[in-house]
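Chemist: Residue numbers (the numbering used here), protein chains in the order written: chain A, 75 to 362; chain B, 44 to 525.
Virtual Cβ for every residue (Gly too), placed ideally from N, Cα, C.
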Amino acid sequence: MNLQEILAKYSKYLLLVPGLIISLFVVIIPLAILIPISFYKYRFPYLIPEFTLDNYIKYLLSERTGTILLNTFGLSTLTCLVCFAVGYPFAYTLAFKIKSPKVRTYITSLLMVPFLIDWSIRTVAWISILGERGLVNYFLITTGLSSTPQKLLFSPIALIIIWLQTYTLFMIFPIYLAMQRIYPDYIWSAQLLRAPPHRVHYEIIFKLSKPGIVTGFIFVFVSTLGDFVTPSLWAGGIQTLGLSIASYAGNYLWPQAAAMSSIMLIITLAALIILIKVGGIKKLVYER
Amino acid sequence: MEESEEGEKYEKEPLIKDKKGLTRRQYLAIAGGAIAAAAAGVAAYYLTQPAPKPKKTIRYLGHPFWLPEDGIAEFERTRPNVKVEATYVDFYLVGERQLADPSSWDIGGSGRSRPLVTHKLLKEIPREMAPRWQEGRAIDYFLHADKYFPYEMAKRFDELLWADKERTKLLGVPNMCGWESQNYLPEYLPYEEKGDQVSMSFEELWNPDWKGHVALIDEGFDNFSRFANYLDYHQQMTFSGPISNLTPEEVKAVAEFMRPIFESGQIKSFWSKYGDIVAMMSSKEIWLSVSWVPVSLDCRKAGVPAYHATIVEGPCFWYNLSMLSKQGNPDVYNEAVDLAHFHLELTIQKLYAKQLYTSCAPYWDDLKEAMGKEFFDWFHDGKATYKPIDEIMKEIWPDKPEFWNLPERLQNGLFLPEIYFKHFWTGEPPRTGEPHPRGNKRDLGSIAFKHQITRWFLSPDLPDYNDVYVSKWEELKASIPV
């Protein structure tokens, strides 16, 4: 093969190079550093480059680990489900019910507004909505649904509400994009063949939007796993793995933080593989 | 009219056309020429000027509390050949950044410097290069820690400050210091601050009346030390060494004491960002929190009465310092020392005083003069203001007549030193007079009183078994019911 042929054969991969370089420096190399550190010994504040499994063993055998992992993965999974329950009908309406592209643009733009606002200001906003003197309590008291202000902030419920607001967009967009790719002919054909509406929805719309749903789950799951500031402040003091990692890293306990990060990474990857397998995302993508 | 050689008559084309006649090309030529001439003029001007001295750049890594942007602007204005490139990181994360890459900063601020000291990453600063750092001018703790703390604690204190036993070199120039316990809202907790008097016990943190309205700092070291101080003071536990440096067994014992408090759901939030705790207290969601002094001031600014408590068990003393990295740029050593020392000068003190933080070397005439007797005595000696609090309310809150008739307990919780003593920042002449019997006294009172009730120091230390602290803290938080 001469140079011209090699270039012709492989030039299509050139477009991948910038992305691969960024991934190499931002993901691969830091991980390659992180994993060996997780096997280092430690004596505060010294890092001793001698191999040990202690950081893993101690963490996995600790009584608290079960609770922390359950808090972390339980809350993230629950948030994914809530985001799906809210995001799916929203994406469906956006894709099939709203005909005007202008209105669609307005709605999607509005969804992005919270991301333009600083974290601290959003904090204040949550207090005025969920706080004891907030809008929700005002509504509950004035409508007689409650006689005393409800404690909504500082609980897992508050955390899920805040995450729902923050991450629903990550669920809506992939589902919306997947739905937009569904040929209307499929739906018309099914309707023409007198398929009942629920079957049309399930067999065509839901199944063909599965790649979007799985992608949405991945986005929300990964984002909530990594968020440690929101649980710290609003979840009523519960501990999550992200918070533990931040706490160990912030106190110079890098081998322990690296071991926990590696555990988190392994569990997250396993969850993603299961999600992709269950969702049949590969099959669906290639079939199209 | 002209006539051609053939004898035909025609109108001669003018050499310069009227405005319609000037072509685009001609316009471009004229404009281009003008721009080129202007550029040549500017270039000639600059080429004939003497070349400016290249600026030296100091890389600062810290928190804006220590070196605010206003301070940098003033430093650069007074040292025209120096530029400060500041990177600000959250208080509880900055130490990790400094340790991770000591070559990325020349000067840094710290409230947790022990790991840097242990790793020998700090460049020493000869005492004479910090001329404001003098006996009698600095807070007495710094030169005579052994007078105030038990031997082992004083030893740890000195290890963090002095580079040699002879005390000729500093490991950093202390910038701000203070005494700290907990902030509370007097609308909910029936206490008030009266200067040199204790008001409440530390155990209010687990009083079930405030259940669900209490917040702590999200750091094991801070919390275990405070609880150890409580247990030590009430003789419920004895400790083998300093209460801020517990053994693993002692940490476990303190954690066992704390466990029921956590399991009961008493503590509802843990903060690490300053703005978050201000938002939570000023919105009255949190009524009592272990937090920094300026939190109470920011609540007051939002019109919410707030105090910093003088607890029976005594507050902790803390100080932060400006340090130089051994791996920083050696060419800017003198400039970096100058910047470290600048933290003790009047300009920065004016910025610290807004947060009610004390200068580590406050006993200088320029500070006394700028503050005026009333403010200086109120700030350092716990003396009352010259005006009674009801009159002060009208001055501070002219648009809030509802504050004018509040009980004094709440009015004092709305006192804003930054407005009442504004002359310190505006340069107006200070007020004259005598302390009024109903005047405001600062929370935690005088330095002499604080010396009397303080039993321990927190910053810039970290305990030897910090890993045990972190692990136990995580365990305690995992015991909070979901």
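Mind pulling the alpha helix (DSSP H) runs of 4 or more residues that sit fully within the segment 241 to 288 of chain B?
Modeler: 263 to 276
Chemist: Any chance the segment 185 to 196 of chain B sits against the segment 130 to 149 of chain B, with 3 or more Cβ pairs inside 8 Å?
Modeler: no
Chemist: How would you write the range of the beta strand (DSSP E) that proline 217 of chain B sits in, first residue to last?
Modeler: As a first step, residue 217 of chain B must be located in the second sequence, where it is residue number 174. Segment 216 to 223, the beta strand (DSSP E) holding proline 217 of chain B.
Chemist: What is the residue span of the beta strand (DSSP E) that leucine 104 of chain B lies within?
Modeler: Taking the second sequence and counting its residues from 1, one reaches residue 104 of chain B at position 61. Segment 99 to 105, the beta strand (DSSP E) holding leucine 104 of chain B.
Chemist: I want to verify the contact list: residues of chain B whose CB lies under 7 Å from the CB of threonine 197 of chain A, in sequence order.
Modeler: Translated into the one-based positions of the first sequence, residue 197 of chain A becomes position 123. Going along chain B in sequence order, the residues near threonine 197 of chain A (Cβ under 7 Å) are Asp319 and Ala322.
Chemist: Note down, in chain order, each residue of its chain lying with its Cβ closer than 8 Å to the Cβ of isoleucine 278 of chain A, except the 5 sequence neighbours on either side.
Modeler: Translated into positions along the first sequence, residue 278 of chain A becomes position 204. Here the set comprises Ile256, Tyr260, Ile261 and Ala264.
Chemist: Roughly how many angstroms separate the alpha carbons of tyrosine 241 of chain A and valine 294 of chain A, rounded to a whole number?
Modeler: Translated into positions along the first sequence, residue 241 of chain A becomes position 167. Translated into positions along the first sequence, residue 294 of chain A becomes position 220. Cα to Cα, tyrosine 241 of chain A sits roughly 6 Å from valine 294 of chain A.
Chemist: Which whole-angstrom value is the C-beta distance of isoleucine 439 of chain B and leucine 459 of chain B, which I expect to be below 8 Å?
Modeler: Along the second sequence, read from residue 1 onward, the residue named residue 439 of chain B stands at position 396. Along the second sequence, read from residue 1 onward, the residue named residue 459 of chain B stands at position 416. Indeed they touch by this definition, with Cβ atoms about 5 Å apart.
Chemist: Are valine 297 of chain B and valine 511 of chain B touching if we call contact CB-CB under 8 Å?
Modeler: For the purposes of this step, residue 297 of chain B is identified with residue 254 of the second sequence, where counting begins at 1. For the purposes of this step, residue 511 of chain B is identified with residue 468 of the second sequence, where counting begins at 1. Not in contact: valine 297 of chain B and valine 511 of chain B (Cβ atoms no closer than 8 Å).
Chemist: With a CB to CB cut of under 8 Å and the five nearest residues on each side skipped, what residues in its chain are close to leucine 108 of chain A?
Modeler: Counted from its first residue, the first sequence places residue 108 of chain A at position 34. If we look at leucine 108 of chain A and ignore the five residues flanking it on each side, its Cβ neighbours are Ala332, Ser335 and Ser336.
Chemist: What do you reckon, are the CB atoms on methionine 280 of chain B and leucine 519 of chain B nearer than 8 Å?
Modeler: To locate residue 280 of chain B, count along the second sequence from 1; it is residue 237. To locate residue 519 of chain B, count along the second sequence from 1; it is residue 476. The answer is no: Cβ separation not under 8 Å.
Chemist: For my contact list, alanine 349 of chain B and leucine 228 of chain B are in at a C-beta cut-off of 8 Å; report their separation, rounded to the angstrom.
Modeler: Counting from one through the second sequence, the residue named residue 349 of chain B turns up at place 306. Counting from one through the second sequence, the residue named residue 228 of chain B turns up at place 185. Alanine 349 of chain B to leucine 228 of chain B, Cβ: 6 Å. Contact.
Chemist: Reducing DSSP to helix, strand and coil, say where isoleucine 80 of chain A ends up.
Modeler: Taking the first sequence and counting its residues from 1, the one referred to as residue 80 of chain A is at position 6. If DSSP states are grouped into helix, strand and coil, isoleucine 80 of chain A belongs with the helices.
Chemist: Using only the alpha-carbon positions, how far apart do leucine 399 of chain B and leucine 89 of chain A sit?
Modeler: Within the second sequence, numbered from 1, the residue matching residue 399 of chain B stands at position 356. Within the first sequence, numbered from 1, the residue matching residue 89 of chain A stands at position 15. Whole-angstrom Cα-Cα distance: 57 Å.
Chemist: Use the C-beta contact count for proline 248 of chain A: other C-beta atoms within 10 angstroms, 16 or more gives buried, fewer gives exposed.
Modeler: Counting from 1 along the first sequence, the entry for residue 248 of chain A is found at position 174. Result: buried.
Chemist: Would the beta-carbon of isoleucine 432 of chain B fall within 8 Å of that of asparagine 455 of chain B?
Modeler: Translated into positions along the second sequence, residue 432 of chain B becomes position 389. Translated into positions along the second sequence, residue 455 of chain B becomes position 412. Yes, these two residues count as a Cβ contact at 8 Å.
Chemist: Taking the continuous beta strand (DSSP E) assigned at tyrosine 116 of chain A, which residues delimit it?
Modeler: Position 42 of the first sequence, counting from 1, holds the residue named residue 116 of chain A. From DSSP, the beta strand (DSSP E) with tyrosine 116 of chain A extends over 115 to 117.
Chemist: Tell me which residues of the segment 307 to 332 of chain A have at least one Cβ-Cβ distance to chain C shorter than 9 Å, keeping chain order.
Modeler: Among the protein chains in the structure shown, which are A and B, there is no chain C.
Chemist: Determine which residues share a DSSP beta bridge with leucine 282 of chain A and list them.
Modeler: Residue mapping note: residue 282 of chain A aligns to position 208 of the first sequence, counting from 1. Bridge partners of leucine 282 of chain A: none, in fact.
Chemist: In three-state DSSP terms, what is leucine 367 of chain B?
Modeler: As a first step, residue 367 of chain B must be located in the second sequence, where it is residue number 324. Of the three classes helix, strand and coil, the one that applies to leucine 367 of chain B here is strand, per DSSP.
Chemist: Which residues in the same chain have their Cβ closer than 6 Å to the Cβ of phenylalanine 125 of chain A, if we skip the five residues on either side of it in sequence?
Modeler: Position 51 of the first sequence, counting from 1, holds the residue named residue 125 of chain A. Excluding positions up to five away in sequence, the list reads Phe113.
Chemist: Does DSSP put proline 169 of chain B in a helix, a strand or coil?
Modeler: Stepping through the second sequence from its first residue, residue 169 of chain B is reached at position 126. Here DSSP, grouped into helix, strand and coil, assigns proline 169 of chain B to strand.
Chemist: Check the Cβ-Cβ distances between proline 37 of chain A and every residue of chain B, and say whether any is below 8 Å.
Modeler: Any property of residue 37 of chain A remains undetermined from this structure, which presents chain A solely from 75 to 362.
Chemist: Leucine 81 of chain A: buried (16+ other C-beta within 10 angstroms of its C-beta) or exposed?
Modeler: Position 7 of the first sequence, counted from the start, is the residue given in the question as residue 81 of chain A. Under this definition leucine 81 of chain A is an exposed residue.
Chemist: If you measure from the beta carbon of histidine 106 of chain B to each beta carbon in chain A, is any gap under 8 Å?
Modeler: Position 63 of the second sequence, counted from the start, is the residue given in the question as residue 106 of chain B. Chain A, which has no Cβ nearer than 8 Å to the Cβ of histidine 106 of chain B, makes this no.
Chemist: Are the segment 244 to 262 of chain B and the segment 371 to 378 of chain B touching, with three or more C-beta to C-beta distances below 8 Å?
Modeler: no
Chemist: Would you verify that the beta carbon of leucine 228 of chain B is, or is not, closer than 8 Å to some beta carbon of chain A?
Modeler: By one-based count along the second sequence, residue 228 of chain B stands at place 185. Chain A, which has no Cβ nearer than 8 Å to the Cβ of leucine 228 of chain B, makes this no.
Chemist: How about serine 514 of chain B and phenylalanine 305 of chain B: do their beta carbons lie closer than 8 Å?
Modeler: Along the second sequence, read from residue 1 onward, the residue named residue 514 of chain B stands at position 471. Along the second sequence, read from residue 1 onward, the residue named residue 305 of chain B stands at position 262. For serine 514 of chain B and phenylalanine 305 of chain B, no; Cβs fall outside 8 Å.
Chemist: Does aspartate 420 of chain B get closer than 8 Å to chain A when you measure Cβ to Cβ?
Modeler: Within the second sequence, residue 420 of chain B is the residue found at index 377, counting from 1. It does not; no Cβ of chain A falls within 8 Å.
Chemist: Along the segment 103 to 133 of chain B, where does the CB come closer than 7 Å to a CB of chain A? Name the residues.
Modeler: none
Chemist: Going along the chain, which residues of its own chain have a beta-carbon closer than 7 Å to the beta-carbon of isoleucine 59 of chain B, five neighbours each way excluded?
Modeler: In the second sequence, the residue the question calls residue 59 of chain B occupies position 16. Because the pLDDT of isoleucine 59 of chain B is 49, which lies under 50, any placement of that residue in the model is unreliable, and the number read from its coordinates should be weighed accordingly. Around isoleucine 59 of chain B: no qualifying Cβ.
Chemist: With which residues is glutamate 128 of chain B paired in a DSSP beta bridge?
Modeler: Mapped onto the second sequence, residue 128 of chain B falls at position 85. Paired residue(s): B/Arg102.
Chemist: Starting from tyrosine 120 of chain A, trace the beta strand (DSSP E) both ways and give me its first and last residue.
Modeler: Start at 1 with the first residue of the first sequence, and residue 120 of chain A comes out as number 46. Residues 120 to 122.
Chemist: Which partner residues of threonine 217 of chain A appear in the DSSP bridge assignment?
Modeler: Here residue 217 of chain A refers to the residue found at position 143 when the first sequence is read from its first residue. DSSP, once it has assigned bridges, lists no residue as partnering threonine 217 of chain A.
Chemist: Classify proline 431 of chain B as helix, strand or coil using the three-state DSSP reduction.
Modeler: Taking the second sequence and counting its residues from 1, one reaches residue 431 of chain B at position 388. It is a strand residue.
Chemist: Does the distance from the C-beta atom of proline 111 of chain B to that of leucine 410 of chain B stay below 8 Å?
Modeler: The count along the second sequence starts at 1 and reaches residue 111 of chain B at position 68. The count along the second sequence starts at 1 and reaches residue 410 of chain B at position 367. No, the pair does not count as a contact, with Cβ atoms beyond the cut-off.
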